[in-house]
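Read in order, the letters of the sequence shown correspond to residues 20 to 270 in this note's numbering.
Just so you know, even glycine gets a beta-carbon here, dropped at the ideal spot from N, CA and C.
A quick note: this is a predicted structure, and the numbers were derived from the prediction, not measured.
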Amino acid sequence: AKPAVHSDRLSPARRDSGTWLMFADPSGLGQAVARQLQTFGQKVVLVSAGQGYACDGTQATIDPASAGDYERLLADALSGAQSLSGVVDCWSYGPSPSDRRDDSPTDAICANLNHLALLTKAVEKLGRTPWQLWMVTSEAASIPLRKRVIAEHASMRGFLRCLRLEYPNVILGLVDLPFEEGAASRFVPRLMEEVVQGEAVEVAFDREERRLVPTYISLSHASAQGEPIRLRRGGVYLLTGGLGGVGLQIA
């Protein structure tokens, strides 16, 4: 575990005249973070999902499945040659999507991935300098004492790790928080700390508000029981991602 560093102000690098896009969740986490950013004099456009497009400069509604809506949103939000300070996406924060609507988990995962793909392509189409995206999820990381992982949210993490490789212009932060009905405001300071630092990090917070950072450890070629791993001569093995550098070396 790594303790969080409390921050009550934006760093000089974050005090620009750009615009933040806040994809707001129903629980109010995104709205609360938007209010905090506004206290620093930042312009924020709150974005909600709907059936069509509308934008008044401070709030917007888009159809998450419409590529054109994302492009219109960016055009309206960044009018006057404003820069994009950052995108905070809280659409994957909350209870399991399959718990609150009729969609199957597969449908929810496809909708989430499509939303992120359309958003990324729309921003990249602008051809501007590197931009920052904070993806906020709930119960997506497998950490100690967590009773369950929400599959629809966990799937986003793998997609975003690949997105880093395909779109190097994206400075990506992954922030996973516990979800508690009616208690979203509790984690606003933690999310603000990550956003104002502006670093590409992957963190998870547990219910005790401890900041957990994933890392890698070396493993020997022995199994958990102390027996060597046995490969069957003439056996057939499936390597996912087998055309990557590591996959080819293993093959």
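Would you kindly work out how many angstroms separate the C-alpha atoms of residue i and residue j, rounded to a whole number?
i    : j    : result
V66  : S98  : 16 Å
E218 : G113 : 24 Å
F59  : A43  : 19 Å
P187 : G177 : 16 Å
G201 : T259 : 40 Å
V265 : R183 : 18 Å
Q78  : V64  : 5 Å
V255 : P163 : 35 Å
L250 : A270 : 12 Å
A8   : Q216 : Limits of the chain in this structure are 20 at one end and 270 at the other, which puts residue 8 out of reach.
G47  : Q55  : 13 Å
G71  : E227 : 40 Å
A160 : H134 : 20 Å
Is residue j closer than 8 Å to residue i when the C-beta atoms are compared?
i    : j    : result
A51  : S204 : yes
E213 : W153 : yes
F224 : R209 : yes
V155 : V207 : no
W39  : G146 : no
L231 : V222 : yes
C109 : G49  : yes
V189 : T148 : no
I169 : E185 : no
M175 : S111 : yes
Which residues does DSSP pair with residue i in a beta bridge?
i    : result
K144 : DSSP lists no partner for K144.
S5   : No information on residue 5 is available, as it lies outside the stretch 20 to 270 that the chain covers here.
R54  : DSSP, once it has assigned bridges, lists no residue as partnering R54.
Indicate the three-state DSSP secondary structure (helix, strand or coil) for residue i in the structure shown.
i    : result
E221 : strand
F178 : helix
T259 : coil
F59  : coil
Q78  : strand
A84  : coil
D95  : helix
R28  : In this predicted model, R28 has a pLDDT of only 43, less than 50, meaning its place in the structure is not dependable; the value taken from the coordinates is given anyway. DSSP places R28 in coil when its eight states are reduced to three.
V232 : coil
L184 : helix
G266 : helix
Q101 : coil
A43  : coil
L48  : helix
L164 : coil
Spell out whether any CB of chain C is found under 8 Å from the CB atom of residue i.
i    : result
Y112 : The chain labelled as chain C is not found in the depicted structure, where only one protein chain is given.
Would you mind giving the Cβ-Cβ distance between residue i and residue j, rounded to the nearest angstrom? I have them listed as a contact below 8 Å.
i    : j    : result
L179 : L196 : The pair is not a contact, with the Cβ atoms about 16 Å apart (cut-off 8 Å).
A86  : A141 : 7 Å
K166 : E90  : Incorrect: roughly 41 Å between the Cβ atoms, too far for contact.
A127 : E171 : 4 Å
L103 : G37  : 6 Å
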